[in-house]
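K.L.:
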Amino acid sequence: MDLSAISDNIKALKDRTKAPFFMAVVKGNAYGHGLVEVARTAVASGADWLGTAQLTEAIALRNAGITAPILSWLYLASQTSDTILEALENNIDVSLGSVHQLQVLAGIAQRLGRPAVVHLELDSGLSRGGARKEDWAELVAHARQAELDGTVLVRGIWTHLAWADVPAHPGNASAVAEFEDAVREAREAGLTPELRHVSSSANILDRPEFHFDMVRAGLAIYGLAPADHLNPTDFGLRPALSVTAPLVMVKKVPAGTGVSYEHQAITYEPRYLGLIPLGYADGIPKGISGRSVVDIGGRSVPVIGKVCMDQFMVDLGPDATGIDVGDTAVLFGDPATGAASADDWGAAIGSHGDEIINRIAPRLPRIYASSERASLDGASSEGTYECPDYQEPAAAGQDNVA
Ligand SMILES: *Cc1c(COP(=O)(O)O)cnc(C)c1O
Numbered sequence: 001m002d003l004s005a006i007s008d009n010i011k012a013l014k015d016r017t018k019a020p021f022f023m024a025v026v027k028g029n030a031y032g033h034g035l036v037e038v039a040r041t042a043v044a045s046g047a048d049w050l051g052t053a054q055l056t057e058a059i060a061l062r063n064a065g066i067t068a069p070i071l072s073w074l075y076l077a078s079q080t081s082d083t084i085l086e087a088l089e090n091n092i093d094v095s096l097g098s099v100h101q102l103q104v105l106a107g108i109a110q111r112l113g114r115p116a117v118v119h120l121e122l123d124s125g126l127s128r129g130g131a132r133k134e135d136w137a138e139l140v141a142h143a144r145q146a147e148l149d150g151t152v153l154v155r156g157i158w159t160h161l162a163w164a165d166v167p168a169h170p171g172n173a174s175a176v177a178e179f180e181d182a183v184r185e186a187r188e189a190g191l192t193p194e195l196r197h198v199s200s201s202a203n204i205l206d207r208p209e210f211h212f213d214m215v216r217a218g219l220a221i222y223g224l225a226p227a228d229h230l231n232p233t234d235f236g237l238r239p240a241l242s243v244t245a246p247l248v249m250v251k252k253v254p255a256g257t258g259v260s261y262e263h264q265a266i267t268y269e270p271r272y273l274g275l276i277p278l279g280y281a282d283g284i285p286k287g288i289s290g291r292s293v294v295d296i297g298g299r300s301v302p303v304i305g306k307v308c309m310d311q312f313m314v315d316l317g318p319d320a321t322g323i324d325v326g327d328t329a330v331l332f333g334d335p336a337t338g339a340a341s342a343d344d345w346g347a348a349i350g351s352h353g354d355e356i357i358n359r360i361a362p363r364l365p366r367i368y369a370s371s372e373r374a375s376l377d378g379a380s381s382e383g384t385y386e387c388p389d390y391q392e393p394a395a396a397g398q399d400n401v402a
């Protein structure tokens, strides 16, 4: 885990936005990178806010002594929730997307003796959290009344875009227009939200007009591509996470040897196999079988046969000269070093790098380093990137149509 990459990425992203506030999103154990370590690095690198989905992660940040503002947006609203109480006690801002949530928060705030600080969430089309526009006026009216009662304080208004990862999609502009209407309505009702926030990574890179008062950066601070057309290196971003393992066995096998369960791979000539002590229990996807994604001593070698629970095999070829037990296999890392990236792994299994990094299991030890590598290697691309217009994908197949 190269924390200096996270630091450099945050600085590069902050250079791309005029929004006065920058949130580093550290949900999901900081996308698998380690909640507290990343949060500390983010704050030291200029992040004004931290964002988590779960309240327990926000509380863990406070328990680690982190005092930066935190917003958390996913919780079960229940009057008996100790977690909500603890979050409010710890000055954690929470998202608010329904009158029910508001009533629960107000009740807990009353017990606590100070208002719950909230960011009202508009559901602008994701159909996830937040209030839909037809329910917005009611939520805003209740929020204003709760402010007058001293149980709630509305600090922000926010939304998350359904087309967040397709910045030029027209759905974004219409969602943002809906968001602006929602802010206007809230102000007309007497609320005074200081922070309007909409954009996650792809729109930070691609749509400056959506930045408002704060941006919420996740994937990009970890150096991964937030959208297929946005190559992290073009923006001076690099991955922070490399996954490596030692080769624990190297052996020669004859032609016709079946490899791994059900012998889905069979050697056609004498080959050398290497054994890597990581498997699907560690987050290695089974779909990576057959892909040349593992770097050993500068050679890119394929995963051979089925991935097992704790281990998998690589095909070292007919000649393994120079390769030995104990050599380091780089599964993925910074492509500038010649290794595959998590984005390459994601593409190989028909997904994205975000799924790969998030699945790396907690049991893998995280080793933190700050590399000596000069910031951004002069790879500044400021002013060289133009936002493209949206193009319908050639074959606009839609799965999952209900
Ligand atoms: C995950 C998340 C983000 C960050 O998204 P990235 O694409 O990783 O930058 C921002 N806002 C919300 C609400 C999120 O859930």
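Read in order, the letters of the sequence shown are residues 1 to 402 in full-length UniProt numbering. Where a beta carbon is used, it is the ideal one built from N, C-alpha and C, also for glycine.
Checking the sheet assignment: what are the DSSP bridge partners for Y222?
P.N.:
Position 222 of the sequence shown, counted from the start, is the residue given in the question as residue 222. Bridge partners of Y222: none, in fact.
K.L.:
Please confirm whether any heavy atom of ligand 1 lies closer than 6 Å to the CB of G218.
P.N.:
For the purposes of this step, residue 218 is taken as residue 218 along the sequence shown, with counting starting at 1. G218 Cβ: within cutoff of ligand 1.
K.L.:
Using a 10 Å radius around the Cβ and a threshold of 16 neighbouring Cβ atoms, would you call N91 buried or exposed?
P.N.:
To locate residue 91, count along the sequence shown from 1; it is residue 91. N91 should be labelled exposed.
K.L.:
If contacts are defined as beta-carbon pairs under 8 Å, then T56 and A109 qualify, I think. What distance do you get, rounded to the angstrom?
P.N.:
Reading the sequence shown from its first residue, position 56 is the one you call residue 56. Reading the sequence shown from its first residue, position 109 is the one you call residue 109. So it is not a contact: roughly 19 Å between Cβ atoms.
K.L.:
Exposed or buried, which one is N63 when buried takes at least 16 other CB atoms within 10 Å?
P.N.:
The residue given as residue 63 occupies position 63 in the sequence shown. Exposed, by the Cβ-count rule.
K.L.:
Helix, strand or coil, according to DSSP, for F22 in the structure here?
P.N.:
Position 22 of the sequence shown, counted from the start, is the residue given in the question as residue 22. Correct three-state label for F22: strand.
K.L.:
From the DSSP output, in three-state form, read off Q398 for me.
P.N.:
As a working note, residue 398 is residue 398 in the sequence shown. Low confidence applies here, because Q398 scores a pLDDT of 46, under 50, leaving its location unreliable; read the following figure in that light. In the structure shown, Q398 sits in coil (DSSP, three-state: anything other than H, G, I, E or B).
K.L.:
Assign I323 to one of two classes, buried (16 or more other C-beta atoms within 10 Å of its C-beta) or exposed (fewer than that).
P.N.:
The sequence position of residue 323 within the sequence shown is 323, counting from 1. The residue is buried, with at least 16 neighbouring Cβ atoms inside 10 Å.
K.L.:
Specify, as a first and last residue, the run of the beta strand (DSSP E) that F332 falls within.
P.N.:
In the sequence shown, residue 332 corresponds to position 332, counting from 1. From DSSP, the beta strand (DSSP E) with F332 extends over 328–332.
K.L.:
Could you give the distance in angstroms between the alpha-carbon of L241 and the alpha-carbon of E188?
P.N.:
Residue mapping note: residue 241 aligns to position 241 of the sequence shown, counting from 1. Residue mapping note: residue 188 aligns to position 188 of the sequence shown, counting from 1. Near 46 Å, if we compare the C-alpha coordinates of E188 and L241.
K.L.:
Is the CB-CB distance between T244 and T328 below 7 Å?
P.N.:
Translated into positions along the sequence shown, residue 244 becomes position 244. Translated into positions along the sequence shown, residue 328 becomes position 328. Yes, these two residues count as a Cβ contact at 7 Å.
K.L.:
Just to confirm, are M309 and L275 a CB contact at a threshold of 7 Å?
P.N.:
By 1-based counting over the sequence shown, the position of residue 309 is 309. By 1-based counting over the sequence shown, the position of residue 275 is 275. No, these two residues do not count as a Cβ contact at 7 Å.
K.L.:
Return helix, strand or coil for I157, following the three-state DSSP convention.
P.N.:
Residue 157 sits at position 157 when you count from the first residue of the sequence shown. Residue state, collapsed to three classes: strand.
K.L.:
Compute the distance between the beta-carbons of Y75 and Y222, then report whether it is under 7 Å.
P.N.:
Residue mapping note: residue 75 aligns to position 75 of the sequence shown, counting from 1. Residue mapping note: residue 222 aligns to position 222 of the sequence shown, counting from 1. No, they are not a contact pair.
K.L.:
Verify the contact flag: V99, CB atom, against every heavy atom of ligand 1, threshold strictly below 6 Å.
P.N.:
As a working mapping, residue 99 is identified with position 99 in the sequence shown. V99: no, Cβ never under 6 Å from ligand 1.
K.L.:
Name, in chain order, the residues that DSSP records as bridge partners for K251.
P.N.:
Looking up residue 251 in the sequence shown gives position 251. DSSP, once it has assigned bridges, lists L273 as partnering K251.
K.L.:
Is P226 near ligand 1, with its Cβ less than 6 Å from a heavy atom?
P.N.:
What you label residue 226 is simply residue 226 of the sequence shown in a count that begins at 1. The answer is yes for P226.
K.L.:
Hey, quick one: how far does the beta strand (DSSP E) through W163 stretch, first residue to last?
P.N.:
Within the sequence shown, the letter at position 163 stands for residue 163. Here W163 belongs to no beta strand (DSSP E), and DSSP marks it neither H nor E.
K.L.:
With distances taken Cα to Cα, identify the nearest neighbour of K252 among S81, L316, H197.
P.N.:
Position 252 of the sequence shown, counted from the first residue, corresponds to residue 252. Looking at the Cα atoms, L316 is the closest of the given residues.
K.L.:
At what residues does the alpha helix (DSSP H) containing T244 begin and finish?
P.N.:
For this step, residue 244 is matched to residue 244 along the sequence shown. First-last for T244: 243–246, but that is the beta strand (DSSP E), not the alpha helix (DSSP H).
K.L.:
Determine the extent of the beta strand (DSSP E) in which D343 is found, giving its start and end residues.
P.N.:
Translated into positions along the sequence shown, residue 343 becomes position 343. Looking at the DSSP string, D343 is not in any beta strand (DSSP E); the run it does join, the alpha helix (DSSP H), is 342–348.
K.L.:
For E372, count the other beta carbons within 10 Å of its own beta carbon; 16 or more makes it buried, fewer makes it exposed. Which is it?
P.N.:
Start at 1 with the first residue of the sequence shown, and residue 372 comes out as number 372. Note that E372 has pLDDT 47, beneath the 50 cutoff, so the model's placement of it is unreliable and the number below is only indicative. With fewer than 16 other Cβ atoms within 10 Å, it is exposed.
K.L.:
According to DSSP, is V94 helix, strand or coil?
P.N.:
Along the sequence shown, one-based indexing puts residue 94 at 94. Correct three-state label for V94: strand.
K.L.:
Express the C-alpha separation of T80 and L191 in angstroms, rounding to a whole number.
P.N.:
Stepping through the sequence shown from its first residue, residue 191 is reached at position 191. Stepping through the sequence shown from its first residue, residue 80 is reached at position 80. Each residue's Cα considered, the two are about 28 Å apart.
K.L.:
Would you tell me roughly how many angstroms separate the C-alpha atoms of G35 and G297, rounded to the nearest one?
P.N.:
For this step, residue 35 is matched to residue 35 along the sequence shown. For this step, residue 297 is matched to residue 297 along the sequence shown. For the record, residue 35 in the displayed sequence is Leu; it is not Gly. About 31 Å.
K.L.:
Got a sec: does ligand 1 put a non-hydrogen atom nearer than 6 Å to the Cβ of S127?
P.N.:
For the purposes of this step, residue 127 is taken as the residue at position 127 of the sequence shown. S127 Cβ: outside cutoff for every heavy atom of ligand 1.
K.L.:
Please specify which runs of the alpha helix (DSSP H), each continuous and at least 4 residues long, are wholly inside the stretch 27–58, giving them in chain order.
P.N.:
27–31, 35–44, all fully within the stretch 27–58.
K.L.:
In whole angstroms, what separates the C-alpha of D15 from that of T67?
P.N.:
The residue given as residue 15 occupies position 15 in the sequence shown. The residue given as residue 67 occupies position 67 in the sequence shown. Roughly 24 Å between the two C-alpha positions.
K.L.:
Considering only residues of the same chain and omitting the five flanking positions on each side of L278, which have a CB-CB separation below 6 Å?
P.N.:
Within the sequence shown, the letter at position 278 stands for residue 278. Closer than 6 Å at the Cβ level, and outside the excluded window around L278, lie A245, I284.
K.L.:
Take the Cβ of A281 as the centre, count every other Cβ of all protein chains shown within 10 Å, and call the residue buried at 16 or more, exposed below.
P.N.:
Indexing the sequence shown from 1 puts residue 281 at position 281. Flag for A281 reads exposed.
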